[in-house]
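A.B. asks: Per mature numbering (1 follows the signal peptide of the UniProt record, and there is no 0), the sequence shown runs over residues -20 to -1, 1 to 397. A virtual CB, placed ideally from N, CA and C, is assigned to each residue, including glycine.
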Amino acid sequence: MKIIYLILVFCLLGQFPADAQTDPGSDELFRQARQAAFDNKDYPRAIALCQQALQKSPDYAEIRTFMGRLYTWSDKLPEAREQFALVLQTDSTNRDALSAAADLEFWNDRPDQALVYCNTALRHYPTDSDLLLKKARVLNDLKLTTDAFAVVNQLLKLNPDNADARALADRLKWAASKNSVIVGYEYLYFDKNYNDALHESPWRIASISYSRSTKLGSVSGRINYANRFATTGFQAEFDAYPRISNTFYSYVNVGLSGDEPVFPRFRAGFSLYANLPKSFEAEAGFRYLRFTDETWIYTVSLGKYYKNFWFNFRTYLVPGSSDISQTYIGTVRYYYGSADDFVAVAGGTGISPDEARNVLLGQDLRKLGSQRASVEFRKSVRRRWVPSVVASWFAEEQNSRPRGNQWGIDFVLRYRF
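1. In angstroms with no decimal places, state the Cα-to-Cα distance between leucine 68 and phenylalanine 10.
2. From the DSSP output, which residues share a beta bridge with lysine 284?
3. If we count the other Cβ atoms within 10 Å of its Cβ and call it buried at 16 or more, is alanine 353 buried or exposed?
4. Under DSSP, the alpha helix (DSSP H) around tryptophan 53 begins and ends at which residues?
5. Around the Cβ of arginine 381, are there at least 16 other Cβ atoms within 10 angstroms (buried) or fewer (exposed)?
6. Which same chain residues, not among the five before or five after alanine 128, have their C-beta less than 7 Å away from its C-beta?
7. According to the neighbour-count rule (16 or more other Cβ atoms, all chains shown, within 10 Å of its Cβ), is lysine 258 buried or exposed?
8. Quick one, which of Gly388, Thr279 and Ser198 has its alpha-carbon nearest alanine 264's?
9. Rounded to whole angstroms, what is the Cα-Cα separation between asparagine 139 and alanine 206?
10. If you reduce the DSSP assignment to three classes, tell me which class arginine 156 lands in.
11. Relative to the alpha-carbon of tyrosine 314, which residue among Asn142, Ser281 and Lys56 has its alpha-carbon at the smallest distance?
12. Is the beta carbon of alanine 60 sitting closer than 7 Å to the one on leucine 84?
13. Quick check: the region 209 to 221 against the region 302 to 310, are there 3 or more CB pairs under 8 Å?
14. Under 7 Å between the Cβ atoms of serine 200 and serine 189?
15. For glycine 330, does the count of other Cβ atoms within 10 angstroms reach 16, so buried, or fall short, so exposed?
16. If we ignore side chains and look at the alpha-carbon of each, how far apart do tyrosine 229 and alanine 28 end up?
17. Shortest alpha-carbon distance to aspartate 150 belongs to which of Trp276, Asp321 and Gly328?
18. With the cut-off set at 7 Å, would you say residue 411 and leucine 236 are in Cβ contact?
19. Going by DSSP, what residue range makes up the beta strand (DSSP E) through alanine 371?
20. Just to confirm my understanding: we take leucine 256, look at its own chain, exclude 5 residues before and 5 after, and list those with CB closer than 7 Å. What are they?
21. List the residues that DSSP assigns as beta-bridge partners of alanine 324.
22. Under a three-way DSSP split, which group does aspartate 239 fall into?
23. Taking the C-alpha atoms as reference points, what is the distance between aspartate 110 and serine 79?
24. Between which two residues does the alpha helix (DSSP H) harbouring valine 131 extend?
25. Could you have a look at threonine 73 and say whether DSSP puts it in helix, strand or coil?
26. Between the Cα of arginine 362 and the Cα atoms of Arg394, Ile162, Arg75 and Ser193, which residue gives the shortest distance?
27. Using DSSP's beta-bridge definition, name the partner residues of proline 299.
28. According to DSSP, which residues form a beta bridge with arginine 192?
29. In whole angstroms, what is the alpha-carbon distance linking tyrosine 167 and phenylalanine 214?
30. Rounded to whole angstroms, what is the Cα-Cα separation between valine 131 and serine 225?
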């Protein structure tokens, strides 16, 4: 009898794996569905596997939510909504189903409904980073920029290393306030290796600007005053940051002055910015300066948010008659708080058309070698006030004199209301 009993046990044990292979369980079917979707991008097969798994386990919420996402990715929106609704009928607090439903509505131009799902989810999961970021993006799409900025700052307090939140906060920080006023003062000292006109007459540049946030983007007007080249002058500028989509926005600049060489007679600029995946951002554009002669400058930059850091590399290219003048600038920011709380260091070579020294681009000095370094400290005070200070150093070759050094200090005070 014992021998017969052991034979029966071994037969049963041997039969079980074979049955498991021919009739996989819901977990195995779920694994195969994910593999078909993510590895092979075969959504129809993945959906079929999910349906097979749900026949075995109809209350398996994770599989049903995943099938809803597969329908979303396949543009089968009614079927996707049906799956999410079935999950939420059983468990109205299901985090994954609420999040997936919010994605479906947001991606298909229904931000109001997406916001409903975000708010419902956050009532049950108020510190969930992904849900907070999702809500901030939805609010931004609804043009509720102030609310979006508040949510993303709430997220950064909970998770300061969230690079996607950091990137969004940086884009929202000025649009979040309806109005802002900026006052700036810059002092630039030239050492004794420069001629007496520069060494004995440091440059002083002051500016005041007013900016207003609109549905199309931020617009601002600025008046600049400068004392340099032993004379004074004024410049009027207009800046705008038109928003094109959630991915693209642009920068437009126009400036006029009748006080050359203190300022160029006319300046203009345009850049197109792209918010890329993985917290990258890219820019391409041009700057135009009109002195006695005109100068065209082309610029490209690439930025990356990583945890509390922002890295950026930028180049300016100035075509000449026989060569191309090149400027390279690398910048690193460390955020220790909100989007306005950071320390930055920068270094590189050449002259930027976006700084006070841009008048040198109209001189032969642009063809000579130069190095640069700077450090910036910025701190928000009671959210409305944002003072900052920049200390800078420039060294450049001169045609018939020793290498010259310039030391600069720049104070800026921003007020939002």
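C.D. replies: The answer reads as follows:
1. Here residue 68 refers to the residue found at position 88 of the sequence shown. Here residue 10 refers to the residue found at position 30 of the sequence shown. Leucine 68 and phenylalanine 10: Cα-Cα distance of roughly 20 Å.
2. The count along the sequence shown starts at 1 and reaches residue 284 at position 304. Per DSSP, the beta-bridge partners of lysine 284 are Phe260 and Phe291.
3. Here residue 353 refers to the residue found at position 373 when the sequence shown is read from its first residue. Counting Cβ neighbours within 10 Å, alanine 353 comes out exposed, since fewer than 16 surround it.
4. For this step, residue 53 is matched to residue 73 along the sequence shown. Per DSSP, tryptophan 53 belongs to the alpha helix (DSSP H) from 41 to 53.
5. Walking along the sequence shown from the start, residue 381 turns up at place 401. By the 10 Å Cβ count, arginine 381 comes out exposed.
6. Residue numbering aside, residue 128 sits at position 148 when the sequence shown is read from its first letter. Closer than 7 Å at Cβ, skipping near neighbours: Ala116, Leu119, Asn120 and Leu152.
7. Numbered from 1 along the sequence shown, position 278 holds the residue referred to as residue 258. Its Cβ having fewer than 16 others within 10 Å, lysine 258 is exposed.
8. Numbered from 1 along the sequence shown, position 284 holds the residue referred to as residue 264. The residue with the shortest Cα to Cα distance from alanine 264 is Thr279.
9. What you label residue 139 is simply residue 159 of the sequence shown in a count that begins at 1. What you label residue 206 is simply residue 226 of the sequence shown in a count that begins at 1. If you take the alpha carbons of asparagine 139 and alanine 206, they lie about 43 Å apart.
10. Your numbering for residue 156 matches position 176 in the sequence shown. The sequence as given places alanine at residue 156; arginine does not occur at that position. Residue state for alanine 156 is assigned as coil, using DSSP reduced to three classes.
11. Within the sequence shown, the letter at position 334 stands for residue 314. If we check each option's Cα against that of tyrosine 314, Asn142 comes out closest.
12. Working through the sequence shown from its first residue, we reach residue 60 at position 80. Working through the sequence shown from its first residue, we reach residue 84 at position 104. Taking 7 Å as the cut-off, the beta carbon of alanine 60 is found closer than this to the beta carbon of leucine 84.
13. As far as the Cβ criterion goes, the region 209 to 221 does not touch the region 302 to 310, which means the pair count is below three.
14. Stepping through the sequence shown from its first residue, residue 200 is reached at position 220. Stepping through the sequence shown from its first residue, residue 189 is reached at position 209. Yes, these two residues count as a Cβ contact at 7 Å.
15. To locate residue 330, count along the sequence shown from 1; it is residue 350. Around the beta carbon of glycine 330, 16 or more other beta carbons sit within 10 angstroms, so the residue counts as buried.
16. The sequence position of residue 229 within the sequence shown is 249, counting from 1. The sequence position of residue 28 within the sequence shown is 48, counting from 1. About 41 Å.
17. What you label residue 150 is simply residue 170 of the sequence shown in a count that begins at 1. Among Trp276, Asp321 and Gly328, the Cα nearest to that of aspartate 150 belongs to Asp321.
18. Residue 411 is absent from the structure shown; the chain starts at -20 and stops at 397.
19. For the purposes of this step, residue 371 is taken as the residue at position 391 of the sequence shown. In the DSSP assignment, alanine 371 falls within the unbroken beta strand (DSSP E) covering 365 to 376.
20. For this step, residue 256 is matched to residue 276 along the sequence shown. Answer for leucine 256: Ala262, listed in chain order.
21. Reading the sequence shown from its first residue, position 344 is the one you call residue 324. Answer is Arg313 and Glu356, bridged to alanine 324.
22. Along the sequence shown, one-based indexing puts residue 239 at 259. Secondary structure of aspartate 239 (DSSP, three-state): coil.
23. Here residue 110 corresponds to residue number 130 of the sequence shown, with the count starting at 1. Here residue 79 corresponds to residue number 99 of the sequence shown, with the count starting at 1. The straight-line gap from Cα to Cα measures roughly 9 Å.
24. Within the sequence shown, numbered from 1, the residue matching residue 131 stands at position 151. Under the DSSP assignment, valine 131 falls in the alpha helix (DSSP H) whose first and last residues are 125 to 138.
25. The residue given as residue 73 occupies position 93 in the sequence shown. Threonine 73: coil per DSSP, three-state reduction.
26. As a first step, residue 362 must be located in the sequence shown, where it is residue number 382. Here the closest residue by C-alpha is Arg394.
27. Here residue 299 refers to the residue found at position 319 of the sequence shown. BP columns for proline 299 point to Ile304.
28. Within the sequence shown, the letter at position 212 stands for residue 192. Answer by DSSP bridge pairing, in chain order: Asn159 and Val199.
29. Your numbering for residue 167 matches position 187 in the sequence shown. Your numbering for residue 214 matches position 234 in the sequence shown. Linking tyrosine 167 to phenylalanine 214 through their CA atoms gives a straight-line distance of about 16 Å.
30. What you label residue 131 is simply residue 151 of the sequence shown in a count that begins at 1. What you label residue 225 is simply residue 245 of the sequence shown in a count that begins at 1. If you take the alpha carbons of valine 131 and serine 225, they lie about 20 Å apart.
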